[in-house]
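Quick notes on the structure that follows.
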Amino acid sequence: MSAFQFLIEVLESGAVQGLGLDARPEDWEARLGSGYIDDVRKGRMRRDYGLVELSFFKKGEIWQCFEVSLQVHRLAKDIPDVVPSSLIEEYGELESRVRFSDLQVNATAEGLQVAQIGDRGRHLHSRFSVMESRAIVHVLEADSGDILRRGDIWSVSLARDFTARAAPIS
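Here the sequence shown is numbered in this note's numbering, starting from 3 and rising by one per residue.
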């Protein structure tokens, strides 16, 4: 398998290895391991696994996930352990770039509705929504660094406030 197959599965399921927005920090640790950094501030926590980044807010004594973000662009950097070992075990070594055009063709073939979000003005990324998983895919509009090119996927996010995030930026 590959980064490509991993992303298709996330877009189909709205989850990473079976975990979605309803998962708690301990669920993620059980699945992805302890190779993360927590940044906790003012009732919010960002848990960074490298490729997978999670955002939580504290409600009472419970941390609730409000965003799962796949930082696909980090695959192109020479960062040790950027991919959690459980993902490597399931998908193999992940390639450094994923072309959106390839992902879009295959996602559409799987019956997913991929639609461009009509942002106004010039932005660093084009954005596409996938209704079935309530995901937003960010795609580079210009070459970035030595490896990433226009049309490569920058990130994929699953968020509780999908409807607001899927609205065009003016």
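The beta carbon of each residue, even a glycine, is placed where N, CA and C say it ideally should be.
Legend entry - Other residues of its chain near R46: CB distance less than 8 Å, five sequence neighbours each side excluded: S57, F58, F59 and K60, listed in sequence order.
Inset, instruction - Give the C-beta separation of R167 and L23 to the nearest angstrom, bearing in mind that I take them to be a contact with Cβ-Cβ under 8 Å. - result: About 13 Å; that fails the 8 Å criterion.
Inset, instruction - Output the residue ranges of the alpha helix (DSSP H) runs that lie fully inside the stretch 139-167 and measure 4 residues or longer, sorted by chain position. - result: 164-167
Inset, instruction - Starting from the C-beta of P27, find all residues in its chain whose C-beta is less than 6 Å away, skip the five residues before and the five after it, and write them out in chain order. - result: Close CB contacts of P27 within its chain, under the 6 Å cut and outside five residues either way in sequence, are with W65 (chain order).
Legend entry - H75 classed as buried or exposed, judged by whether at least 16 other C-beta atoms fall within 10 angstroms: Buried, by the Cβ-count rule.
Legend entry - 6 Å Cβ shell around G120 - same chain, five flanking residues per side excluded: P170
Inset, instruction - Would you check if there are 3 or more beta carbon pairs closer than 8 Å linking the stretch 128-143 to the stretch 24-43? - result: no
Legend entry - DSSP state of A109 mapped onto helix, strand, coil: helix
Inset, instruction - Tell me whether E95 is buried or exposed, calling it buried when 16 or more other Cβ atoms sit within 10 Å of its Cβ. - result: exposed
Inset, instruction - Just tell me which of N108, E63, I138 and S15 has its CA closest to the CA of W156. - result: I138
Inset, instruction - Since I believe L13 is in contact with S135 (beta carbons under 8 Å), could you give me their beta-carbon distance rounded to a whole number of angstroms? - result: 5 Å
Inset, instruction - Would you tell me roughly how many angstroms separate the C-alpha atoms of T110 and R122, rounded to the nearest one? - result: Distance between the alpha carbons of T110 and R122: 25 Å.
Inset, instruction - Measure the alpha-carbon distance for I10 versus G37 and round it to whole angstroms. - result: 24 Å
Legend entry - Which listed residue (L72, R43, F6 and E63) has its alpha carbon closest to that of A17: L72
Legend entry - Residue from L114, P86, I81 and G62 with nearest C-alpha to M133: L114
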